[in-house]
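Protein chains in written order, with the numbering used here: chain A, 1 to 206; chain B, 207 to 324.
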C-alpha cells in the first residue's frame, strides 16, 4: 500500500528471540516490512545494551551499525543520552530530551509492550509513549518506531504499524518518518561510520 | 422502513489473514477481534466501529471484516494489537481494504478463496 517500514529492533535465536533469522526474514517479506536484527552478532546488526551503571555502559560499548541503549536508572539515562547517534529506550524528561536532541539520539517507540498485552501493563506502555511523544515534539527528538519482535508473529506490516501509530497520536508525517526516514538515517550513519567516511561529527568524506 | 442509501453508513471491507499454529474456528476469530477492540478502545467507542466478520475461511484462516469508514484506522489498529487467539500466539495481517466485497476479493483474495458468508 505504498508505505515502507524499516524495523530496527528484531531479535532472532542468536540473542533473545525464538525464531531463526531465515524465518524472520521470510515472514517480514510476507508482511512487506524490512528488518534489521538487534542481536549484536554481526557487523550488519544493531547492538543492545541494558545497563544500570556508567561503568557497565563503557565496558559494553562496541562498534556496531547502531546501538540501542536501555538505561535502568535515572543516572544511567543521563549517561546514555551523552552517547551520540544512539537509540534510547527510556522515559523522557525535559533534561534528557534536550540532551538527546543535541546528540542526535532517537527515542524508541516500541510496539512490543502493546501487542498481546492487557490491563495495567498496556496502560503503562501507553503512558510512556504519550510522555515520550510530548517531549520528543517539544525538543525535536526523532522518533523511531519498532516492533521489538522476538518471533515472526511479533512482526507487523507497514500499513498496520502506520495505522497504529496514528491511533497512538502521531501525525501522518511523524508516523511516516518514525517508520522509514529515521531508521534509514540511523542505518546510513552506521554504514558511513563503518566505512570510515565520517571521520568526526559533522565531517563526511564524499 | 429502510434508510435511504445516502444516509446509510459507509462501510469498508478489510481482508485479513491469521498467522497461527493449529486450527482456528470462526467463533474464536470473532471473539478475538471484538475482545481486542473492546479492551483497547473501550465498550463505548468500539461499539461505533460497526465491526462484523462478513466471511471467514477456517481452512485458509482468511476473512473479511467490515467496519464503518470513519473507524477504519481504529479497526486496523485493533487487528494489529492482537497477539494471541486464546492462549495460542497469533498475528492478524491486513491484506487490503476496499469499499466493496467484490473489489476486495478481486484485488486481495485472488486465489479463489473458499470463504463462507456468516
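Built from N, CA and C at the ideal position, the CB exists for glycine as well.
If you're wondering where the values come from, they're calculated on a predicted model, not measured in any experiment.
Contacts of residue i in chain B (Cβ-Cβ under 8 Å)
{"i": "residue 159 of chain A", "result": "282, 300"}
CB contact below 8 Å: residue i versus chain B
{"i": "residue 129 of chain A", "result": "no"}
{"i": "residue 116 of chain A", "result": "yes"}
{"i": "residue 4 of chain A", "result": "no"}
{"i": "residue 170 of chain A", "result": "no"}
{"i": "residue 31 of chain A", "result": "yes"}
{"i": "residue 156 of chain A", "result": "yes"}
{"i": "residue 153 of chain A", "result": "yes"}
{"i": "residue 17 of chain A", "result": "no"}
Proximal chain A residues relative to residue i, where beta-carbon distance stays under 7 Å
{"i": "residue 279 of chain B", "result": "163, 166, 167"}
{"i": "residue 245 of chain B", "result": "118"}
Candidates the options, of which the one nearest residue i by Cα
{"i": "residue 94 of chain A", "options": "A:78, A:135, A:176, A:158", "result": "A:135"}
{"i": "residue 269 of chain B", "options": "B:228, B:235, B:290, B:276", "result": "B:235"}
{"i": "residue 222 of chain B", "options": "A:170, A:31, A:74", "result": "A:31"}
{"i": "residue 33 of chain A", "options": "A:149, A:124, A:185", "result": "A:149"}
{"i": "residue 289 of chain B", "options": "A:163, A:187, A:152", "result": "A:152"}
{"i": "residue 246 of chain B", "options": "A:18, A:21, A:120", "result": "A:120"}
{"i": "residue 208 of chain A", "options": "A:106, A:17, A:2", "result": "This structure does not reach residue 208 of chain A, given that chain A is present from 1 up to 206, and the question cannot be answered."}
{"i": "residue 216 of chain B", "options": "B:315, B:310, B:306", "result": "B:306"}
{"i": "residue 101 of chain A", "options": "A:118, A:163, A:117, A:82", "result": "A:82"}
{"i": "residue 69 of chain A", "options": "A:117, A:85, A:89, A:122", "result": "A:89"}
{"i": "residue 126 of chain A", "options": "A:137, A:110, A:138, A:139", "result": "A:110"}
{"i": "residue 304 of chain B", "options": "B:214, B:294, B:218, B:224", "result": "B:218"}
{"i": "residue 19 of chain A", "options": "A:167, A:179, A:154", "result": "A:154"}
{"i": "residue 300 of chain B", "options": "B:265, B:208, B:239, B:293", "result": "B:239"}
{"i": "residue 292 of chain B", "options": "B:310, B:261, B:220, B:230", "result": "B:230"}
{"i": "residue 255 of chain B", "options": "B:314, B:295, B:308, B:220", "result": "B:220"}
{"i": "residue 29 of chain A", "options": "A:116, A:158, A:78", "result": "A:158"}
{"i": "residue 226 of chain B", "options": "B:213, B:267, B:211", "result": "B:267"}
{"i": "residue 263 of chain B", "options": "B:315, B:210, B:207, B:242", "result": "B:315"}
Proximity test, Cβ basis, 8 Å: residue i and chain A
{"i": "residue 285 of chain B", "result": "yes"}
{"i": "residue 327 of chain B", "result": "The structure shown does not extend to residue 327 of chain B, since chain B is modelled only from 207 through 324, so no value can be given for it."}
Contacts that residue i makes with chain A (C-beta to C-beta distance below 9 Å)
{"i": "residue 290 of chain B", "result": "116, 153"}
Check: residue i C-beta below 7 Å from any heavy atom of the ligand HEM
{"i": "residue 134 of chain A", "result": "The ligand content of the structure shown is nil, which means the ligand HEM is not present either."}
Which parts of the stretch 84-152 of chain A are runs of the alpha helix (DSSP H), unbroken and 4 residues or longer, counting only runs that do not cross its ends? 94-102, 119-139, all fully within the stretch 84-152 of chain A.
Is the stretch 246-254 of chain B close to the stretch 276-289 of chain B, with three or more CB pairs under 8 Å? Short answer: they touch.
Do the stretch 3-22 of chain A and the stretch 36-54 of chain A meet, that is, are 3 or more Cβ pairs less than 8 Å apart? Contact between the stretch 3-22 of chain A and the stretch 36-54 of chain A is present, because at least three Cβ pairs lie under 8 Å.
Is the stretch 38-55 of chain A close to the stretch 64-83 of chain A, with three or more CB pairs under 8 Å? Yes, they touch.
Between the stretch 165-184 of chain A and the stretch 136-149 of chain A, do three or more beta carbon pairs fall short of 8 Å? Under the 8 Å Cβ criterion, the stretch 165-184 of chain A counts as touching the stretch 136-149 of chain A, having at least three qualifying pairs.
For the stretch 17-25 of chain A against the stretch 52-60 of chain A, do three or more pairs of beta-carbon atoms, one drawn from each stretch, fall closer than 8 Å, so that the two count as touching? Using a Cβ-Cβ distance cut-off of 8 Å, the stretch 17-25 of chain A and the stretch 52-60 of chain A are not in contact, since fewer than three pairs of beta carbons, one from each stretch, lie closer than that value.
Unbroken stretches of the beta strand (DSSP E), 3 residues or longer, contained in the stretch 261-291 of chain B: Taking only runs of at least 3 residues, the beta strand (DSSP E) segments lying wholly in the stretch 261-291 of chain B are 268-274.
Any beta strand (DSSP E) of 3 or more consecutive residues that is wholly inside the stretch 47-81 of chain A: Positions of the beta strand (DSSP E) runs, each at least 3 residues long and wholly inside the stretch 47-81 of chain A, are given as 66-71 in order along the chain.
Just to confirm the assignment: which complete beta strand (DSSP E) runs, minimum length 3, are found wholly within the stretch 13-39 of chain A? Under the rule that a run must span 3 or more residues, the beta strand (DSSP E) segments found entirely inside the stretch 13-39 of chain A read 34-37.
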